[in-house]
Structure formats: structure tokens, C-alpha cells
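Mapping the sequence shown onto the numbering used here, position 403 (from 1) lands on 430, and the numbers just tick up by one.
We put the beta carbon where it would ideally sit given N, CA and C, even for glycine.
Just so we're clear, the structure is a prediction, and the values are computed from it rather than from any experiment.
Below: one structure, written as C-alpha cells.
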Amino acid sequence: MDGRMMRSVRLKEQQSPGQGHTASCLCGSAPCILCACCPASRNSTVSRLIFTVFLFLGVLVSIIMLSPGVESQLYKLPWVCEDGVGTPVGLQGHIDCGSLLGYRAVYRMSFATAAFFFLFTLLMICVRSSRDPRAAIQNGFWFFKFLVLVGITVGAFYIPDGSFSNIWFYFGVVGSFLFILIQLVLFIDFAHSWNQRWLGKAEERDSRAWYAGLFFFTLLFYALSIAGVTLLFVFYTQPGACHEGKVFISLNLTFCVCVSIIAVLPKVQEAQPNSGLLQASVVTLYTIFVTWLALSNVPDQKCNPHLLTHLSNGTFLAGPEGYETHWWDAPSIVGLVVFILCTFFISVRSSDHRQVNSLMQTEDSPPMLEAAQQQQQVACEGRAFDNEQDGVTYSYSFFHFCLVLASLHIMMTLTNWYKPGETRKMVSTWTAVWVKIGASWAGLLLYLWTLVAPLLLPNRDFS
């Protein structure tokens, strides 16, 4: 009886409004983010979503600063910008508006978000459960964490130009390369889960419709890949020219055919029953997509329809320095959409996704907590409940590291992999081409390893 009374008192305390609840929203954990009409959610999921929202806010600011017309409107504010000779207009100490515009703004915004998430990467190393004091920082204090992000962002815009952009460019190249591989892992994991779920339903319901569905989407993905290869040859190659593009397209097409054949070999199927053409078709389509992104950065107007030739004193500029790309071209827009989907998937992925769980070091919630979680879920309707008292469900540190890489990847996407130089134009370079092609090859090797590893290392458990 005493236990029931104590639970009743706790329930009333949770439901009673007041100043204490307001303080908990500013300093407490993720439950206060949700409203009473929202379904109960795991504390870990809500925290990941909010951190992802922080990242998307930075992306939105970067897009605004790249938008046409922002520069003219910004210079109309005399209390913000300096004049052309560097003398502050109005109050002293204001920053140069050039750092608030174009690629310079994107670089600084990306530096701010990457520094913010890298700080949490270091801070959350080896957090084992929500009983660790650092877990309260991970899952709460949202108002103050937002202030920290704003403070880092403001400070980033005061960084002198100097060599900052050139150094940060190489950080972006490495980070974006790694994030492209993470995106491939996410797509493979999604295809694995999709294949297992539909095969399971086909066996449970003894229906061939699920097999037909898998066959249809596999055929669709391969058809889209073939169409993509055809379009790449049509728009990004020319007779007697564009030899690099022809080699890249042909090599990636050949590699995709090889991994597709390997995926259905009898020995591979015996060692990896879950492998199949659905996963291979997803990898093929993603490889063709990355190849498209790479060819869209080729600094040759004959081989790249996305390049624009600019005028200088009434004459066309010659050489690669005269070619410029904009972030809002088709490859960049599609890349932005894929980035948003993959980042959102990282935030909401469940325990059903085995590949991501391995990547994120995810563990299922301990069974002994199920009853307690259910009680807490009933008591906290519309609130998030703590599901990590006996063990975290994902690696806090690695999750933030993924967001660091996401920040760098979106920086390179929005600036179209422009390498800073003396000019302020976003000039396409071969660096972007080779990095993206290299990422596509590394992704194919990674997928190939998942197929042949059980054969090469039979004593290890790859289930």
C-alpha cells in the first residue's frame, strides 16, 4: 500500500505545473522538449533529434548566406558592415561583411557547428549509462547548449581570413570523404533491414507478393543505375575528349557489375544468407550517384554542363580559373537531400538496424528495464523517458563525431568543393573529383569486404 502511495505522489509531482518545471526545461533533460499531446519517446532518441536540429539550423543559416540578394540587403545595415577600405561605419569594431557572405560564411558556420559537436565528442567519451553525470549534459541543458553554439558561431565570424579557409578546406575534404562512406553504410543497412523484413513477411504469410515487391525494387534500382550511366555518358563526355570522365564512368560501372555478381555467388550466399541483389542494387545506384557528383566538379566546360563561364572586362576568361559553379545546381541539391535523409536516419534509427548499431556501438536496452520503462512511459505521457539507466543505447561520443563529419560534408556540398584562393568565386577543381571518385571506390571495397569476409575469416562471427 505504501508503494502505491509513493508512486501516486511521484505521479502528482510530475504532473504538477509550476516554476520548477520551467527550470527543468532549461536545465533538465529531454522530456521537457515534448508536449503533452506528443507520444512518449525514448530519452536517447529525443536527444539525438535535438542535436540534429542544431546541425540543420547551421545548414539553414549557410543557405541563407549563399542566397542571391542577401549581400545587397546586408550592406544596407550601416551598423553591421565596414566600408570598402576597412574603416568601420558607425560603431567601431564591426566585422567585414564579406565574412558573412558566400563560401566564407559557410566555412565559418561549419567551423562553429563542427567545433560544437567536437567538444561534445571529447566530453562524452566512455559514458556508459545515464547515471554518469555527463549524461545529464548530453540529455539536458538545451538552452545553455544553444547559447554555447551561438557563442562559438559569433566567435567564428571574427576569425581572420589569412590561411583559415585553406586549412579548413582540407579538414572538409577528409571529413566529407568519411561521411560519404558513412552514407553508404546507412544505405546498405537500410537495404539489409528492408530485405529481411519483407522476406520474413513472405515466409510468415506464405505470400509471393513480398518476393515480387523485392524483385520490383531491385529491378527499379538497376534500371535507374543504367539510365544514370547513360545520362552521364551523354552529358559529361564528348567524342574525342573528356577521357577522365569516360574512364571513371566505365570503371565504376564495371565494379558495380562485379560486386553484383559476387553478391549472388553460391558460396557467398551460403556464408551470407542475407546478402542479395537488393543490397547490390542500392550500392550500385549510390555509386552512380557519387560518380555524378564527381563529374559535376570537373573543371572543363566541355565535359561539365554545370560550369558557368564568367566575363572579365567584356571578354571570356580562359582556363579552369574562369569556370564557376553554384551550390544550387542539380547535383548539390540532390546531395543536400541525401545528406538530410542520412543525418535524420542516424538520429532516429532503431535497434533493428544492425549495421548502424555496430557503427554507432549501439546496444539494446537491458531487459530488466522494460517494466520500469513501461511504468515511466505511462506516467510521463507526452514526455521522454530514461531508457539508459543500465547502459547507453548508442555511443554518445561517436554520434557527435558523425555530426562533426556531417558538418564538414555539408560545408563542401554547399560550396561545391570550392578550394579557396585569391578570387572569391567558387571555382571547380580536380580535388573534388578525385576525392569523390576515391570515396566511391572505397565504398565498393567496403561492400565487397562485407561479402567475402565470412569466407576469408570463417572462424569469426559476422552475424
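Apart from the 5 residues on each side of it in sequence, residue 133 sits with its Cβ closer than 8 Å to the Cβ of 89, 92, 93, 438, 441, 442 in its chain, given in chain order. Note that the C-beta distance between residue 467 and residue 245 is not below 8 Å. Measuring C-alpha to C-alpha distances from residue 159 to each of 419, 281, 226, 296 identifies 419 as the nearest. Per DSSP, the continuous alpha helix (DSSP H) segment holding residue 482 begins and ends at 457 to 483. In the DSSP assignment, residue 268 forms a beta bridge with 265. Residue 434 is positioned such that its CB atom lies closer than 8 Å to that of residue 82.
For residue 475, the closest of 290, 176, 459 by C-alpha to C-alpha distance is 290.
About 6 Å separates the beta carbons of residue 373 and residue 429, which is inside the 8 Å limit, making them a contact pair. 8 Å or more divides the Cβ of residue 463 from the Cβ of residue 357. Apart from sequence neighbours up to five positions away, the residues of its chain that approach residue 375 with a beta-carbon distance below 8 Å are 72, 75, 76, ordered along the chain.
Taking the CA atoms as reference points, residue 265 sits about 30 Å from residue 307.
Across the set 172, 180, 258, 170, the C-alpha of 180 shows the shortest separation from the C-alpha of residue 137. Contact check for residue 249 and residue 148: beta-carbon distance about 39 Å, past the 8 Å limit, so the pair fails to qualify. The alpha-carbon separation between residue 229 and residue 235 amounts to approximately 6 Å.
Here the alpha carbons of residue 166 and residue 152 stand approximately 15 Å from one another. Around residue 195, the same chain offers 134, 138 as residues with beta carbons nearer than 7 Å, after the five sequence neighbours per side are excluded. Taking a C-beta distance under 8 Å as the contact criterion, residue 481 and residue 299 qualify as a contact pair. Per the coordinates, the alpha-carbon of residue 333 lies some 36 Å from the alpha-carbon of residue 303.
Within 10 angstroms of the beta-carbon of residue 252 lie 16 or more other beta-carbons, which makes it buried.
In the displayed model, residue 333 falls within coil according to three-state DSSP, outside both helix and strand. Taking the C-beta atoms as reference points, residue 471 is found no nearer than 8 Å to residue 295. Spanning the alpha carbons of residue 424 and residue 140 requires a straight line of approximately 15 Å.
Contact between residue 144 and residue 431 holds, since their C-beta atoms are separated by about 5 Å, short of 8 Å. The beta carbon of residue 215 sits closer than 8 Å to the beta carbons of 306, 309, 310, 382, 474, 477 from its chain, once the five residues preceding and following it are set aside; these are given in chain order.
The three-state reading of DSSP puts residue 375 in helix, counting H, G and I together. In the DSSP assignment, residue 90 falls within the alpha helix (DSSP H) that extends over 70 to 93. Secondary structure at residue 184: coil, using DSSP grouped into helix, strand and coil.
Exposed is the label assigned to residue 329, since fewer than 16 other Cβ atoms lie within 10 Å of its Cβ.
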